[in-house]
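Visitor:
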Amino acid sequence: MTTSTTMTIRLDPQLKEKLGRLADGTRRSRSFLAAEAVETYVDRELAIIEGIERGLEDVQAGRTVSHEDAMATVRQAIKVAAGGTA
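Quick note on the working numbering: the sequence shown kicks off at 74 and runs consecutively.
#1: Please name the residue in GLU118, ARG83 and GLU123 whose C-alpha comes closest to that of ALA107.
#2: Could you tell me the distance, in whole angstroms, from the CA atom of THR99 to the CA atom of PHE105?
#3: Roughly how many angstroms separate the alpha carbons of ALA150 and LEU92, rounded to a whole number?
#4: May I have the straight-line CA-CA distance separating ARG202 from ASP85, to the nearest angstrom?
#5: According to DSSP, simplified to helix, strand and coil, what is ALA150?
#6: How many Å lie between ARG127 and ALA134 at the Cα?
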(Lines of atoms letter the chains of each structure in order from A and count residues from 1; the text may use other names and numbers.)
(Lines give C-alpha, C1' and ligand atoms only; values in the text may rest on other atoms or scores of the structure.)
Protein backbone atom coordinates (compact mmCIF):
# COMPACT_ATOMS: atom_id res chain seq x y z
CA MET A 1 0.00 0.00 0.00
CA THR A 2 1.30 3.44 -0.96
CA THR A 3 1.54 6.02 1.76
CA SER A 4 1.47 9.76 1.26
CA THR A 5 2.29 12.86 3.17
CA THR A 6 0.81 16.33 3.25
CA MET A 7 2.53 19.46 1.98
CA THR A 8 1.10 22.96 1.90
CA ILE A 9 1.90 25.25 -1.03
CA ARG A 10 0.86 28.78 -1.92
CA LEU A 11 -0.79 29.33 -5.29
CA ASP A 12 -1.83 32.41 -7.14
CA PRO A 13 -5.66 32.59 -6.90
CA GLN A 14 -5.95 32.40 -10.69
CA LEU A 15 -3.87 29.22 -10.78
CA LYS A 16 -5.96 27.69 -8.00
CA GLU A 17 -9.11 28.52 -9.98
CA LYS A 18 -7.65 26.93 -13.13
CA LEU A 19 -6.67 23.86 -11.15
CA GLY A 20 -10.24 23.67 -9.85
CA ARG A 21 -11.62 23.86 -13.38
CA LEU A 22 -9.25 21.12 -14.49
CA ALA A 23 -10.23 19.01 -11.50
CA ASP A 24 -13.92 19.43 -12.35
CA GLY A 25 -13.31 18.65 -16.01
CA THR A 26 -11.29 15.52 -15.31
CA ARG A 27 -13.25 14.40 -12.25
CA ARG A 28 -10.04 14.30 -10.24
CA SER A 29 -9.27 16.15 -7.04
CA ARG A 30 -7.11 19.26 -7.06
CA SER A 31 -4.78 17.43 -4.70
CA PHE A 32 -4.39 14.51 -7.11
CA LEU A 33 -3.68 16.81 -10.06
CA ALA A 34 -1.22 18.95 -8.08
CA ALA A 35 0.66 15.86 -6.88
CA GLU A 36 0.79 14.52 -10.43
CA ALA A 37 2.13 17.85 -11.72
CA VAL A 38 4.79 18.05 -9.01
CA GLU A 39 5.88 14.47 -9.70
CA THR A 40 6.19 15.13 -13.44
CA TYR A 41 8.18 18.31 -12.82
CA VAL A 42 10.50 16.71 -10.28
CA ASP A 43 11.15 13.67 -12.49
CA ARG A 44 11.95 15.89 -15.48
CA GLU A 45 14.26 18.20 -13.54
CA LEU A 46 16.10 15.28 -11.91
CA ALA A 47 16.60 13.67 -15.33
CA ILE A 48 18.14 16.92 -16.58
CA ILE A 49 20.47 17.16 -13.57
CA GLU A 50 21.49 13.50 -13.92
CA GLY A 51 22.22 14.03 -17.63
CA ILE A 52 24.40 17.03 -16.84
CA GLU A 53 26.25 15.02 -14.18
CA ARG A 54 26.85 12.18 -16.68
CA GLY A 55 28.12 14.71 -19.20
CA LEU A 56 30.53 16.20 -16.68
CA GLU A 57 31.80 12.70 -15.83
CA ASP A 58 32.36 12.07 -19.55
CA VAL A 59 34.36 15.29 -19.84
CA GLN A 60 36.48 14.40 -16.81
CA ALA A 61 37.09 10.90 -18.21
CA GLY A 62 38.03 12.26 -21.63
CA ARG A 63 35.03 10.69 -23.37
CA THR A 64 34.40 13.65 -25.65
CA VAL A 65 34.53 14.48 -29.35
CA SER A 66 35.68 17.82 -30.69
CA HIS A 67 33.13 20.10 -32.28
CA GLU A 68 34.92 19.81 -35.59
CA ASP A 69 34.82 15.99 -35.54
CA ALA A 70 31.16 15.97 -34.53
CA MET A 71 30.23 18.39 -37.31
CA ALA A 72 32.19 16.35 -39.87
CA THR A 73 30.19 13.28 -38.86
CA VAL A 74 26.90 15.19 -39.11
CA ARG A 75 27.79 16.62 -42.52
CA GLN A 76 28.70 13.15 -43.78
CA ALA A 77 25.41 11.71 -42.50
CA ILE A 78 23.50 14.50 -44.25
CA LYS A 79 25.40 13.85 -47.47
CA VAL A 80 24.64 10.12 -47.34
CA ALA A 81 20.97 10.79 -46.51
CA ALA A 82 20.72 13.15 -49.48
CA GLY A 83 21.92 10.40 -51.81
CA GLY A 84 25.63 11.03 -51.74
CA THR A 85 28.21 8.37 -51.06
CA ALA A 86 30.06 7.77 -47.84
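Beta carbons are placed, not taken as given, at the ideal position from N, Cα and C, and that holds for glycine.
Guide: A quick look at the data gives this:
#1: ARG83
#2: 11 Å
#3: 46 Å
#4: In the structure as shown, the chain starts at 74 and stops at 159, and residue 202 therefore has no counterpart that could be examined.
#5: In the displayed model, ALA150 falls within a helix according to three-state DSSP.
#6: 10 Å
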